[in-house]
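Residues in the sequence shown are numbered from 106 upward in steps of one, following the working numbering. C-beta atoms are modelled at their ideal positions from N, C-alpha and C, and glycine is treated no differently. Remember, predicted model here, so these are calculated numbers, not experimental data.
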Amino acid sequence: MTTTAPGTTEVEFAIGGMTCASCAARVEKKLNRMDGVRATVNYATAKAKVSFGGDLDVADLITTVEATGYTAQPPPPRAPRDSPAPDAGEHDGLRPLRQRLTAAVVLAVPVIAMAMVPALQFTSWQWLSLTLTAPVVTYAGWPFHRAAWTNLRHGAATMDTLVSVGTTAAFTWSLWALFFGTAGMPGMTHPFGFSVSRSDGAGDIYLEAAAGVTAFVLAGRYFEARAKRRAGAALRTLLELGAKEATVLRDGRERRVPTAELAVGDRFVVRPGEKIATDGRVLEGSSAVDASMLTGESVPVEVTVGDPVTGGTLNAGGRLVVEASRVGSGTQLARMAKLVEDAQNGKAAAQRLADRISAVFVPVVIALALATLGFWLVAGGTATAAFTAAVAVLIIACPCALGLATPTALLVGTGRGAQLGILIKGPEVLENTRRADTVVLDKTGTVTTGRMTLLAVHTADGEDEARVLRLAGALEHASEHPVARAVAAGAAEQTGPLPRPEDFANVPGLGVRGVVDGHTLLVGRTQLLDDGAMPLPGPLAAAKQEAEASGRTVVAVAWDGEARAVLEVADAVRDSSAEAVRRLRELGLTPVLLTGDNSAVARAVAAEVGIDEVVAEVMPEGKVDVVRRLQTEGRTVAMVGDGVNDAAALAQADLGLAMGTGTDAAIEAGDLTLVRGDLRVAADAIRLSRRTLRTIKGNLFWAFAYNVAALPLAAAGMLSPMIAGAAMASSSVFVVANSLRLRTFRAS
106 MTTTAPGTTE VEFAIGGMTC ASCAARVEKK LNRMDGVRAT VNYATAKAKV
156 SFGGDLDVAD LITTVEATGY TAQPPPPRAP RDSPAPDAGE HDGLRPLRQR
206 LTAAVVLAVP VIAMAMVPAL QFTSWQWLSL TLTAPVVTYA GWPFHRAAWT
256 NLRHGAATMD TLVSVGTTAA FTWSLWALFF GTAGMPGMTH PFGFSVSRSD
306 GAGDIYLEAA AGVTAFVLAG RYFEARAKRR AGAALRTLLE LGAKEATVLR
356 DGRERRVPTA ELAVGDRFVV RPGEKIATDG RVLEGSSAVD ASMLTGESVP
406 VEVTVGDPVT GGTLNAGGRL VVEASRVGSG TQLARMAKLV EDAQNGKAAA
456 QRLADRISAV FVPVVIALAL ATLGFWLVAG GTATAAFTAA VAVLIIACPC
506 ALGLATPTAL LVGTGRGAQL GILIKGPEVL ENTRRADTVV LDKTGTVTTG
556 RMTLLAVHTA DGEDEARVLR LAGALEHASE HPVARAVAAG AAEQTGPLPR
606 PEDFANVPGL GVRGVVDGHT LLVGRTQLLD DGAMPLPGPL AAAKQEAEAS
656 GRTVVAVAWD GEARAVLEVA DAVRDSSAEA VRRLRELGLT PVLLTGDNSA
706 VARAVAAEVG IDEVVAEVMP EGKVDVVRRL QTEGRTVAMV GDGVNDAAAL
756 AQADLGLAMG TGTDAAIEAG DLTLVRGDLR VAADAIRLSR RTLRTIKGNL
806 FWAFAYNVAA LPLAAAGMLS PMIAGAAMAS SSVFVVANSL RLRTFRAS
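#1: Could you check the C-alpha separation between A351 and L615 for me, to the nearest Å?
#2: Is the beta carbon of A208 closer than 8 Å to that of A245?
#3: Taking the beta carbon of H259 as the centre, do at least 16 other beta carbons fall within 10 Å, making it buried, or is it exposed?
#4: Under 8 Å between the Cβ atoms of P696 and V686?
#5: Leaving out five residues on either side along the sequence, give the residues of the same chain with a beta carbon under 7 Å from the beta carbon of F850.
#6: Less than 8 Å between C-beta atoms, sequence neighbours within five positions excluded: which residues of the same chain meet that for L367?
#7: Roughly how many whole angstroms lie between the Cα atoms of I120 and A752?
#8: Just to confirm the assignment, what range does the alpha helix (DSSP H) spanning K649 have?
#9: Entirely within the region 348 to 374 and at least 3 residues each: give me those beta strand (DSSP E) ranges in chain order.
#10: Please name the residue, chosen from E607, P606, A577, that lies closest to A594 on a Cα-to-Cα basis.
#11: Would P179 be called buried (16 or more neighbouring beta carbons within 10 Å of its own) or exposed?
#12: Would you list, in sequence order, the uninterrupted beta strand (DSSP E) runs of no fewer than 3 residues that lie entirely inside the region 663 to 724?
#13: Which partner residues does A234 have in the DSSP bridge list?
#14: Using the Cβ count rule (16 or more neighbours within 10 Å means buried), how would you classify G337?
#15: Along the chain, which unbroken stretches of the alpha helix (DSSP H) at least 4 residues long are found entirely within the region 511 to 598?
#16: If you reduce the DSSP assignment to three classes, tell me which class V659 lands in.
#17: Out of R846, T319, R605, V222, point me to the one whose CA is closest to D622's CA.
#18: How far does the beta strand (DSSP E) with A758 in it extend, from its first residue to its last?
#19: I want to know whether the region 545 to 564 touches the region 668 to 684 - three or more CB-CB distances under 8 Å.
#20: Kindly indicate if chain D contains any beta-carbon less than 8 Å away from that of T418.
#21: From the DSSP output, read off the bridge partner residues of H295.
#22: Tell me whether D717 is buried or exposed, calling it buried when 16 or more other Cβ atoms sit within 10 Å of its Cβ.
#23: Considering only the beta carbon of each residue, do E313 and M221 sit closer than 8 Å?
#24: Distance, Cα to Cα, A852 vs L699?
#25: Can V628 and L580 be called in contact, C-beta distance under 8 Å?
#26: If you run the structure through DSSP and keep just helix, strand and coil, what is P226?
#27: Output the distance between the C-alpha atoms of S704 and P613, rounded to the nearest integer angstrom.
#28: What would DSSP say about M823, mapped onto helix, strand or coil?
#29: Would you tell me roughly how many angstroms separate the C-alpha atoms of N437 and D566, rounded to the nearest one?
#30: In whole angstroms, what is the alpha-carbon distance linking G298 and A261?
#31: Apart from the five residues just before and just after A218, which ones in its own chain have a Cβ nearer than 7 Å to its Cβ?
#32: Enumerate, from N- to C-terminal direction, the unbroken beta strand (DSSP E) stretches of 3 or more residues contained entirely within the region 139 to 179.
#33: Are there three or more Cβ pairs, one per stretch, closer than 8 Å when the region 800 to 809 is compared with the region 479 to 487?
#34: Determine, using beta carbons only, whether V660 and V706 come nearer to each other than 8 Å.
#35: Does the separation of the CB atoms of V544 and V714 fall below 8 Å?
#36: Identify which residue in L645, R630, V470 has its Cα closest to the Cα of E407.
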């Protein structure tokens, strides 16, 4: 709980008992009706973020939530990094749902088969159907009945209400027909027949409807819950990125301690290749720090005594002694985790289409069933006939195809996406792909490869390029600096195996010196050569100036007292990026390049791939602000990124696409993951998502149309069980067949 403005307190609750997006909307509506309260309830994360003032306190808010039919409590403290995952073992919240689904499917399949295949209807088959259906409706369907009761107490109706009422009506009427009607007689069958005639219902059972609907809708709920459970994974991943231990200097000795024990003012050692344990300031040493995962800066940052460093970044050079300046929740990494969480909570809860339909459809169906019952009684019909017609209305309205519409299309669409290297996290993602009109592209690791690469070699007159690369590459191979590794890798690729240096020394912040094949070499910044009175000749100086104007890093090479070459090193643009930008434009998206790198580099990359709008030199907080600014301009923003520095912006964007070759934090914060790390797949992901959404909408339309068309027949008492079953089966088969068409999707 935090105090934000004078007299205003902000608190976050974990909300329990929500089963659909309309539940979140109801809680939010109730909270916002309180004086001085502003609340946002996120169904995906099951959290409410509430700011309040005046005489209210936390207990008042909890009371209001509980009066709405749900529970509220502060979220549990984050577990230590070394502790088991919160969804392990008996704490796996999906386990009960998975058990109910397994039981429903195993028991419902033979019930449906016996009802639809006359050859399977042996003597007294109906009693076996009853035995199998009873646990499906009671045990497996219990979450729907419980939610329906909660909704009823508060005068609301959702998809749970329709499922509960429909399955209960079908099961209850089947019990009556079996025990008090003629359906329980030995030899009773459900023959195929397509005539429409009135019946008193005494010989009709609807057990396959009760069992089938429960299994189908439970499957949809399970897949939705699986996607929802991963909403907090981005935060866990971010917190796990930091170093787990630090080497602290105490009483003149080095001691390894958990980073959680670090305090402000502690001094700790960071060796080459280690992560910096927490935010601090360098006291001793100098090095190159790879901060690209936090800042997006493609070139490692040179740090020396007095410079600040950030926890979680990688020491790529020499030994450092750092004094801790921020620990725990005050570090930049922790603040980024908070940014991701705020962005997720700030999103409007994406309501599923089936829930929006049921919000209107459920009350209409219940009213129609009651009207049917009243009409038949007033018109002089028997009580049995009146009740039969009313129950038929509820049964035919049971959302068998509605329950299949979203999960089947999503299952086929996500399966096809996985084959193409595209992972779609859930149905709520799809609507934003249709509305997206702007795509924000991170530079480092997304448009570019994210690795420093040797791009060009400029030699002095009379020098051989292969010789320059062989000597410079050999010396750089002994260095751990990312730029040095790029030179060594490029040299080895072009000239083959490199010789071993006969002598090697690092010149902090400037480069390296040594002896290779009897030549005394200097490789590094031009200042290193200037200090040795070896200035660049005119052509090399011009090449250096042109390269730096394009944002590239220049490495100068000299030996035996003369400058011999300059090498250009940069984060290379992916071969596919220009084509990917063109495809995104064809989908109606306006590309924007967003990076923490410097403006010269950003504009050079943007010009190469065909992007007009560039926003450069922004920190992670700035990336979130840029996405918010675009959203306030009325744009629907898709964001493509790969780094930790992109995680909060991916969460804030209307649609987050994470490169699968990037960090886990970015992948978890995104809505879609591009497994192959090819930017062209982003266009395919949006195309597939849009097509999957169209398929879901088509499924919902036809499932809904089936209900609307069949309801008048049910109300008129002219719907036989066989026609009802055949119509329901046909509707479901159509939905499945329509979804299977997604398997034909092809990448462009």
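So, from the listed chains and residues:
#1: 28 Å
#2: yes
#3: exposed
#4: yes
#5: R521, L793, R796
#6: A351, V353, F373, A382, T383, A429, V432
#7: 24 Å
#8: 643 to 654
#9: 350 to 355, 358 to 363
#10: A577
#11: exposed
#12: 667 to 678, 695 to 699, 718 to 720
#13: The sequence given here places Ser at residue 234; Ala does not occur at that position. S234 is not bridged to any residue.
#14: Low confidence applies here, because G337 scores a pLDDT of 47, under 50, leaving its location unreliable and the question unanswered by this model.
#15: 535 to 540, 570 to 581
#16: strand
#17: R605
#18: Element bounds for A758: n/a, residue is neither H nor E.
#19: yes
#20: Here there is only one protein chain, and chain D is not present.
#21: In the DSSP output, where bridge partners are listed per residue, H295 has none listed.
#22: exposed
#23: yes
#24: 26 Å
#25: yes
#26: Looking at the sequence provided, one finds Gln at residue 226 rather than Pro. Looking at Q226 - three-state DSSP - the assignment turns out to be coil, as it is neither helix nor strand.
#27: 27 Å
#28: coil
#29: According to the sequence shown, residue 437 is Gln rather than Asn. Going from the Cα of Q437 to the Cα of D566 covers about 49 Å.
#30: A caution first: G298 carries a pLDDT of 49, below 50, which makes its placement in the model too unreliable to give a value.
#31: L225
#32: 143 to 147, 152 to 158, 176 to 178
#33: no
#34: no
#35: no
#36: R630
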